[in-house]
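Heads up, our numbering is the position in the sequence shown plus 2, with the first residue counted as 1. No residue lacks a Cβ here, since even glycine has one placed at the ideal position from N, Cα and C.
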Amino acid sequence: MAIRNIIHDGDEGLRKKCKPVEVVDDRVRQLLDDMVETMHEFNGVGLAAPQVGVLKRIIVIDLYDDRGPIKLVNPVIIKQQGEQEVEEGCLSFPNQYAKIVRPAEVVVTALNEDGKTIKVTGKGLLAQALAHEVDHLDGTLFVDKMIPGTLEVVTEEDNQKEKKKK
Numbered sequence: 003m004a005i006r007n008i009i010h011d012g013d014e015g016l017r018k019k020c021k022p023v024e025v026v027d028d029r030v031r032q033l034l035d036d037m038v039e040t041m042h043e044f045n046g047v048g049l050a051a052p053q054v055g056v057l058k059r060i061i062v063i064d065l066y067d068d069r070g071p072i073k074l075v076n077p078v079i080i081k082q083q084g085e086q087e088v089e090e091g092c093l094s095f096p097n098q099y100a101k102i103v104r105p106a107e108v109v110v111t112a113l114n115e116d117g118k119t120i121k122v123t124g125k126g127l128l129a130q131a132l133a134h135e136v137d138h139l140d141g142t143l144f145v146d147k148m149i150p151g152t153l154e155v156v157t158e159e160d161n162q163k164e165k166k167k168k
């Protein structure tokens, strides 16, 4: 496994539509493992392949619960319902957060790391993460969907002030 470089805001690769994976092979499994390790290194909840410079329809999510990392190849949201207003950030936009309206529940079909078709139902934070990461595969970023006027940039100075309060 390896920690990959995360592409940041301004890189045109974040705006490109990703291509489907034809075969889930050892290279895809290696990428999935690298993405999980990279996401963990940067304390993320999700990561999409274009964020590490790979224009393939691959995402990983970890809510740091009993379920462990979720690895999805060619994910498609087949159902969504309800709405939730959430605060959201992105590893490609360090220290930036905004309010977004996301579905309260989603159902996603995808291939797992063995190439088998699976269905994942997500509510709350999992629904939010699934929607966010699938958006990345189509070149859509959270700043495209933010509620106007809600973008906050947290500086290192702000982080230091928060630490002193605690």
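### Query
From Asp-28 to Val-156, what does the alpha carbon distance come to, in whole angstroms?
By 1-based counting over the sequence shown, the position of residue 28 is 26. By 1-based counting over the sequence shown, the position of residue 156 is 154. Cα to Cα, Asp-28 sits roughly 39 Å from Val-156.
### Message
Assuming contact is defined by CB atoms lying nearer than 8 Å, are Asn-76 and Leu-113 in contact in what I supplied?
### Response
If you number the sequence shown from 1, residue 76 lands on position 74. If you number the sequence shown from 1, residue 113 lands on position 111. In contact: Asn-76 and Leu-113 (Cβ atoms closer than 8 Å).
### Query
According to the neighbour-count rule (16 or more other Cβ atoms, all chains shown, within 10 Å of its Cβ), is Lys-73 buried or exposed?
Position 71 of the sequence shown, counting from 1, holds the residue named residue 73. Label assigned to Lys-73: buried.
### Message
Give me the DSSP bridge partner(s) of Gly-124.
### Response
Position 122 of the sequence shown, counting from 1, holds the residue named residue 124. DSSP output for Gly-124 lists Val-108 as bridge partner(s).
### Query
With 16 other CB atoms within 10 Å as the buried threshold, where does Lys-58 fall?
Your numbering for residue 58 matches position 56 in the sequence shown. Result: buried.
### Query
When burial is assigned at 16 or more other CB atoms within 10 Å of the CB, is Glu-135 buried or exposed?
Within the sequence shown, the letter at position 133 stands for residue 135. When all chains shown are included, Glu-135 counts as buried.
### Query
What is the C-beta distance between Val-78 and Val-26, in whole angstroms, given that I count them as a contact (C-beta under 8 Å)?
Taking the first residue of the sequence shown as position 1, residue 78 is located at position 76. Taking the first residue of the sequence shown as position 1, residue 26 is located at position 24. Val-78 to Val-26, Cβ: 15 Å. No contact.
### Query
For Thr-40, does the three-state DSSP call read helix, strand or coil?
The residue labelled residue 40 in the question sits at position 38 within the sequence shown. Thr-40 falls in the helix class under three-state DSSP.
### Query
So, helix, strand or coil for Pro-96, using DSSP?
Working through the sequence shown from its first residue, we reach residue 96 at position 94. Of the three classes helix, strand and coil, the one that applies to Pro-96 here is strand, per DSSP.
### Query
What three-state label does DSSP hand Ala-50 in the structure shown?
Within the sequence shown, residue 50 is the residue found at index 48, counting from 1. Strand, per DSSP.
### Message
Helix, strand or coil, according to DSSP, for Leu-65 in the structure here?
### Response
Position 63 of the sequence shown, counting from 1, holds the residue named residue 65. In this structure, Leu-65 counts as coil in the three-state DSSP scheme.
### Task
Write down the C-beta distance between Ala-100 and Phe-144 rounded to the nearest angstrom, noting that I regard them as a contact closer than 8 Å.
Sequence index remark: in the sequence shown, residue 100 carries index 98 (1-based). Sequence index remark: in the sequence shown, residue 144 carries index 142 (1-based). Yes, Ala-100 and Phe-144 are in contact; Cβ-Cβ is about 7 Å, under 8 Å.
### Task
Can you grab the Cα-Cα spacing for the pair Met-148 / His-138, in whole Å?
Indexing the sequence shown from 1 puts residue 148 at position 146. Indexing the sequence shown from 1 puts residue 138 at position 136. Going from the Cα of Met-148 to the Cα of His-138 covers about 14 Å.
### Task
Going by CA-CA distance only, name the one from Met-3, Lys-21 and Gln-82 that's closest to Gly-141.
Counting from 1 along the sequence shown, the entry for residue 141 is found at position 139. Closest option to Gly-141, Cα to Cα, is Lys-21.
### Task
Could you tell me if Gly-103 is buried or exposed, where buried requires 16 or more neighbouring beta carbons within 10 angstroms of its beta carbon?
As a working mapping, residue 103 is identified with position 101 in the sequence shown. Checking the sequence, you will find Val at residue 103 rather than Gly. Its Cβ having fewer than 16 others within 10 Å, Val-103 is exposed.
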